[in-house]
Amino acid sequence: MNRSPLWRPAARDALALREWDDEFVVYNDATGSTHHLNALGGDVLQALLSHPSGIDAHALVDILAKRIEVAPGLSLAAEVAAVLGKLRELDLASSVTG
Amino acid sequence: MRVGPIVARIRSPFRVVESALRLHYAADALAPDGDFVDFDVSVDAPIGVRRYVRPQAVFRFEGREPFKPLPASQAFPLLEWGLNWCISAHCHQYLIVHAAVVERNDRAMLMPAPPGSGKSTLCAALVARGFRLLSDELALIDIATGRLVPLPRPISLKNASIGIIESFWKDGTIGAVVDDTVKGAVAHASAPPDSVTRSDEHASPAFVVVPRYRADSEITLEPLSRAAGFMQLADNAFNYSLHGRAGFDALARLIDSSTCFAFTYGGTLDDAVRTLEALYEMKHGGDA
Numbered sequence: 205m206n207r208s209p210l211w212r213p214a215a216r217d218a219l220a221l222r223e224w225d226d227e228f229v230v231y232n233d234a235t236g237s238t239h240h241l242n243a244l245g246g247d248v249l250q251a252l253l254s255h256p257s258g259i260d261a262h263a264l265v266d267i268l269a270k271r272i273e274v275a276p277g278l279s280l281a282a283e284v285a286a287v288l289g290k291l292r293e294l295d296l297a298s299s300v301t302g
Numbered sequence: 002m003r004v005g006p007i008v009a010r011i012r013s014p015f016r017v018v019e020s021a022l023r024l025h026y027a028a029d030a031l032a033p034d035g036d037f038v039d040f041d042v043s044v045d046a047p048i049g050v051r052r053y054v055r056p057q058a059v060f061r062f063e064g065r066e067p068f069k070p071l072p073a074s075q076a077f078p079l080l081e082w083g084l085n086w087c088i089s090a091h092c093h094q095y096l097i098v099h100a101a102v103v104e105r106n107d108r109a110m111l112m113p114a115p116p117g118s119g120k121s122t123l124c125a126a127l128v129a130r131g132f133r134l135l136s137d138e139l140a141l142i143d144i145a146t147g148r149l150v151p152l153p154r155p156i157s158l159k160n161a162s163i164g165i166i167e168s169f170w171k172d173g174t175i176g177a178v179v180d181d182t183v184k185g186a187v188a189h190a191s192a193p194p195d196s197v198t199r200s201d202e203h204a205s206p207a208f209v210v211v212p213r214y215r216a217d218s219e220i221t222l223e224p225l226s227r228a229a230g231f232m233q234l235a236d237n238a239f240n241y242s243l244h245g246r247a248g249f250d251a252l253a254r255l256i257d258s259s260t261c262f263a264f265t266y267g268g269t270l271d272d273a274v275r276t277l278e279a280l281y282e283m284k285h286g287g288d289a
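Which chain is which? The protein sequence lines are F and Z, in order.
At the far end of the first sequence sits residue 302, using our numbering, and the numbering has no gaps.
At the far end of the second sequence sits residue 289, using our numbering, and the numbering has no gaps.
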């Protein structure tokens with residue numbers, strides 16, 4: 205049976221986040237990089253940090269759907285998938301097959 | 002001589018360097034003999050034919066020559082650029098951002114910007130209208146306290162801004178124009194004596210204003226998100242990556258205290274200055 209990949213944040217101790225007015229900056233001590241995330245990017249990363257052992261995308265969407273109002277015509281699942289891909293590119297998250 | 006927190010020993014055989022130092026650093030304290038010297042620098046004539054034929058000047062720091070020689074006529078700008086390099090490459094007890102910093106009522110305005118943004122022209126205009134000069138080039142941030150450390154050195158003006166500031170700052174002291182540098186024509190405006198006298202007074206950050214000059218443009222002052230303001234400071238910092246997490250935390254604390262703006266100006270400097278002065282009528286810098 206194929207299992208959905210689990211998403212994990214980069215090493216928890218390596219990340220520092222600050223939020224102002226629904227925008228985030230995050231520092232990754234492992235890479236030395238600093239990134240500017242929008243509201244959804246920050247929310248996704250914070251949700252991952254709350255599940256350091258891993259969480260699949262469906263469960264992540266369920267958690268975020270309770271907190272986020274999605275504009276009509278947009279799919280939260282699609283938006284979250286795009287964000288997860290971006291976080292992986294930035295070395296802020298990784299996925300493993302569950 | 003002592004400039005802000007820095008003590009520099011400067012040696013040069015060039016009359017133009019001596020006269021410029023007397024003009025621009027007259028208000029600075031001579032550091033007592035025996036004081037620790039942070040930077041031992043010289044602007045010398047090179048050895049060899051360039052000492053006499055199309056004479057050149059070379060900047061030396063502790064015996065090393067970090068830059069190529071320049072025409073001897075550029076000896077004073079070379080000294081200023083050399084000191085900028087010394088500070089930005091070595092003063093890692095601070096977080097150093099490429100920014101102008103001015104202050105009024107203990108509320109500092111940082112203007113981070115790359116070269117060509119009009120930062121120094123705007124800085125000179127604000128100082129001409131009574132703002133205290135902390136720095137026109139290098140913002141020194143005390144990592145432990147988050148306060149801004151003064152480094153009141155001559156303001157570097159380029160090309161058209163020289164004439165503009167000469168007209169705008171009637172009682173300012175602007176030195177000789179040096180032509181044909183890599184940045185074009187360059188001249189320096191002295192830091193006001195009051196700014197120098199108050200070199201030991203650190204200032205609290207209140208505003209981050211990202212300037213951009215566009216000739217004939219209307220003045221616009223647009224709110225900038227604090228996260229975007231943070232990234233502007235980080236992107237313009239010389240040693241942010243060196244400080245790692247401590248640098249991130251220091252900038253975050255600075256942003257906590259600040260309101261951020263993107264500022265586009267053209268037209269008259271009076272209007273630009275009035276627009277920024279109006280920020281100080283806000284109750285507290287740091288209010289969103």
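For every residue, glycine included, the Cβ atom is placed at its ideal position computed from N, Cα and C.
Every value quoted in this text rests on a predicted model; they were computed, and no experiment measured them.
Chain F within 8 Å of residue i, Cβ atoms only
i, result
"phenylalanine 208(Z)", "no"
"methionine 1(Z)", "Residue 1(Z) falls outside the range modelled here, since chain Z spans only 2 to 289, and no answer is possible."
"alanine 253(Z)", "yes"
"alanine 263(Z)", "no"
"alanine 228(Z)", "yes"
"glycine 245(Z)", "yes"
"glycine 287(Z)", "Since pLDDT at glycine 287(Z) reaches only 47, below the 50 mark, its modelled position is unreliable, and the value read off the structure follows with that caveat. False, the Cβ-Cβ gap to chain F never drops below 8 Å."
"phenylalanine 249(Z)", "yes"
"alanine 100(Z)", "no"
"serine 235(Z)", "In the sequence on display, residue 235(Z) carries alanine and not serine. Answer yes: the Cβ-Cβ gap between alanine 235(Z) and chain F drops below 8 Å somewhere."
"serine 242(Z)", "yes"
"isoleucine 256(Z)", "yes"
"glycine 173(Z)", "no"
"aspartate 272(Z)", "no"
Within 8 Å, strictly: CB atoms of residue i and residue j
i, j, result
"valine 102(Z)", "leucine 149(Z)", "yes"
"alanine 214(F)", "alanine 234(F)", "yes"
"leucine 111(Z)", "alanine 100(Z)", "yes"
"alanine 251(Z)", "glutamate 227(F)", "no"
"proline 193(Z)", "lysine 120(Z)", "no"
"histidine 239(F)", "leucine 280(F)", "no"
"proline 206(Z)", "glycine 147(Z)", "yes"
"leucine 288(F)", "alanine 251(F)", "no"
"serine 157(Z)", "histidine 189(Z)", "yes"
"leucine 241(F)", "valine 230(F)", "yes"
"serine 118(Z)", "tyrosine 266(Z)", "no"
"proline 47(Z)", "glutamine 57(Z)", "yes"
"serine 196(Z)", "arginine 254(Z)", "no"
"alanine 273(Z)", "alanine 125(Z)", "no"
Beta-bridge pairing of residue i - partner residues as DSSP gives them
i, result
"serine 279(F)", "None, per the DSSP bridge assignment."
"alanine 218(F)", "Answer is none; alanine 218(F) lacks a bridge partner."
"tryptophan 224(F)", "Glu227(F)"
"proline 70(Z)", "Proline 70(Z) is not bridged to any residue."
"aspartate 45(Z)", "Val59(Z)"
"isoleucine 175(Z)", "Ala190(Z)"
"arginine 65(Z)", "Phe62(Z)"
"proline 224(Z)", "Phe262(Z)"
Residue range of the alpha helix (DSSP H) that includes residue i
i, result
"valine 18(Z)", "16 to 25"
"alanine 251(F)", "243 to 253"
"threonine 122(Z)", "120 to 129"
"proline 193(Z)", "Here proline 193(Z) belongs to no alpha helix (DSSP H), and DSSP marks it neither H nor E."
"isoleucine 220(Z)", "Unbroken run through isoleucine 220(Z): none, as it is neither H nor E."
"aspartate 236(Z)", "227 to 236"
"glycine 169(Z)", "The residue you asked about is not glycine; residue 169(Z) is phenylalanine in the sequence shown. Note, phenylalanine 169(Z): alpha helix (DSSP H), 161 to 169."
"arginine 108(Z)", "That residue, arginine 108(Z), is in no alpha helix (DSSP H); its beta strand (DSSP E) goes 108 to 113."
"valine 265(F)", "261 to 269"
"alanine 253(Z)", "241 to 257"
"alanine 234(F)", "Alanine 234(F) -> no alpha helix (DSSP H), and no H or E assigned at all."
"proline 206(Z)", "Unbroken run through proline 206(Z) is the beta strand (DSSP E), 205 to 214; no alpha helix (DSSP H)."
"valine 183(Z)", "Segment: none, valine 183(Z) is in no alpha helix (DSSP H) and carries neither H nor E."
"threonine 276(Z)", "270 to 278"
"serine 200(Z)", "Here serine 200(Z) belongs to no alpha helix (DSSP H), and DSSP marks it neither H nor E."
Range of the contiguous beta strand (DSSP E) that encloses residue i
i, result
"tryptophan 211(F)", "209 to 213"
"glutamine 57(Z)", "57 to 62"
"tyrosine 95(Z)", "95 to 105"
"alanine 140(Z)", "139 to 143"
"isoleucine 7(Z)", "7 to 12"
"cysteine 261(Z)", "260 to 266"
"leucine 135(Z)", "133 to 136"
### Query
Using Cβ-Cβ distances below 7 Å, what residues of the segment 221 to 249 of chain F are close to chain Z?
Against chain Z - using a Cβ distance shorter than 7 Å - the residues of the segment 221 to 249 of chain F are Arg222, Trp224, Asp225, Glu227, Phe228, Val229, Tyr231, Asp233, Gly236, Thr238 and His240.
### Query
Going along the chain, which residues of the segment 53 to 79 of chain Z sit with their C-beta nearer than 9 Å to a C-beta in chain F?
none
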